[in-house]
Structure formats: structure tokens, C-alpha cells
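Here it is in C-alpha cells:
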């Protein structure tokens, strides 16, 4: 590239010339590939998020069902004769589950 001297009137107008200077053309193949990759990445993220949410919900439901079954068994076994004792055991079990 030729730099013009400072005292020249068009010193700021440095115009590159030569066979390597070509107007940029949009390569549609590259654009299609980038769009497809972006869509696939977004879909993968959505699938992973959905799977994680489903697993968390299933685990929570299983834990709740197990706790309820344990509470019912404890109430039936312990509180069958006394009446008052079962309530205390249920409160203790519920507090233990909360912690």
C-alpha cells in the first residue's frame, strides 16, 4: 500500500488497489450452516431443560408419596390405640422431612 505524503491534498484518502480487493459476497451455504447449527443448539438446550424439569418433578413427587406413605404407616401403627400419640409422631416426621 502506498502512503501519501502529509502535505498532499488527499493524504487521508488511502485507496487500496489490486486484484485481491473484491466486493464481499454473501455465501449462502455458510449462512445456512450457521442457522442450522444455531437451531440445533437451541433445540438441544430446550430438550435438556425439559428433561431436567421432568426429572426434578418426578423426584419431588416420589419423595412426597414416600413421606405420605410413611406418615400413614406411622399413624396407623403408633396411633392405633392411643389416638394422641399418633399426632405427635406425625408432627415429628413432618418436621424431620422439612429439615
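Numbering (UniProt numbering), first residue to last: 1 to 99. Backbone N, C-alpha and C fix where the C-beta goes; we use that ideal spot for every residue, glycine too.
- When rounded, the separation of the alpha-carbon atoms in residue 34 and residue 40 is 10 Å.
- Take the alpha-carbon of residue 63 and the one of residue 49: they are about 21 Å apart.
- A direct Cα-to-Cα measurement between residue 57 and residue 37 gives close to 30 Å.
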